[in-house]
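Visitor: Before I ask anything, let me first share the structure, which is written out below as structure tokens.
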Amino acid sequence: MTNARRPVAFLDRDGTIIEDVHYIRDPDDVALIPGVAHAIRRLNRAGWAVVVITNQSGIGRGQLTEADYQAVRERTDALLLQAGAMVDAHYHCPHAPDAGCDCRKPRTLLHRQAIADLALDAARVTSAGDRWRDVEPALTLGGRGFLVPGPDTPSEDLERASQDGLLVPTLDAAVDRMLGAG
166 MTNARRPVAF LDRDGTIIED VHYIRDPDDV ALIPGVAHAI RRLNRAGWAV
216 VVITNQSGIG RGQLTEADYQ AVRERTDALL LQAGAMVDAH YHCPHAPDAG
266 CDCRKPRTLL HRQAIADLAL DAARVTSAGD RWRDVEPALT LGGRGFLVPG
316 PDTPSEDLER ASQDGLLVPT LDAAVDRMLG AG
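Okay, so the sequence shown: first residue is 166 according to the numbering used here, each after it adds one.
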């Protein structure tokens with residue numbers, strides 16, 4: 166048995182793994198974005214940890230409950246598992262944007278917690294998401310991040326990622342870059 170620490174791909178959930186249904190609370194509304202399970206399965210097969218880090222301000226705003234979030238998380242995991250992919254862990258910030266917490270992306274508290282909890286390689290950190298706030302934590306931690314645009318991606322996020330060479334069309338394309346294939 167080896168003591169080697171695994172590299173990690175931090176992925177956003179809404180708009181990156183599942184279709185973004187604002188303040189999703191019903192597990193029946195969960196739909197994987199096409200190609201996502203394949204991309205995650207590639208990370209799994211390469212021995213990478215896959216960790217979802219998501220801002221869930223709907224909890225803090227009273228739009229959904231912690232139980233609603235957990236039900237959606239379980240449904241997401243079940244759909245991924247049916248497609249042969251798995252997430253190692255989920256972390257979420259339940260606070261409203263004005264709460265001033267350290268767990269809301271782009272802050273890195275949850276990323277650092279996952280690295281410690283799962284004994285991950287802090288020198289091999291990547292992230293992918295549909296907002297710059299999903300990309301920025303990996304950059305802050307000395308890693309690489311990729312913006313996978315979706316319908317709600319702000320134009321300024323697209324411009325910034327494009328200028329920095331971090332804009333990719335799909336999660337699978339981000340995985341190519343993570344694994345060194347592109």
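Yeah, the Cβ is synthetic: ideal placement off N, Cα and C, and Gly gets one too.
Computed from a predicted model, the values in this text were never measured in an experiment.
Nearest to Val300 by CA position, among Lys270, Pro316, Ile280 and Arg289, is which residue?
Guide: Of the candidates Lys270, Pro316, Ile280 and Arg289, the one whose C-alpha sits nearest the C-alpha of Val300 is Lys270.
Visitor: Is the shortest distance between the beta-carbon of Ala236 and the beta-carbons of chain C less than 9 Å?
Guide: Among the chains of the structure shown, chain C does not appear; only one protein chain is present.
Visitor: Does Met166 come out as helix, strand or coil in the three-state DSSP assignment?
Guide: Any reading at Met166 needs caution, since the residue's pLDDT is 45, under 50, leaving its predicted position unreliable; the model's value is listed next. Coil, per DSSP.
Visitor: Could you check what DSSP says for Ile205 in three-state terms: helix, strand or coil?
Guide: It is helical.
Visitor: For the region 221 to 306, which segments carrying the alpha helix (DSSP H) assignment without a break, of at least 4 residues, lie completely within its bounds, in sequence order?
Guide: Whole alpha helix (DSSP H) segments, 4+ residues: 222 to 225, 231 to 247, 274 to 282 and 297 to 305.
Visitor: Please state if the CB of Leu344 and the CB of Leu208 are separated by a distance shorter than 9 Å.
Guide: Taking 9 Å as the Cβ cut-off, Leu208 and Leu344 qualify as a contacting pair.
Visitor: Just how far apart, CA to CA, sit Asp242 and Met251?
Guide: So the two alpha carbons sit approximately 7 Å from each other.
Visitor: Is His187 buried or exposed, if buried means 16 or more other CB atoms sit within 10 Å of its CB?
Guide: His187 comes out exposed.
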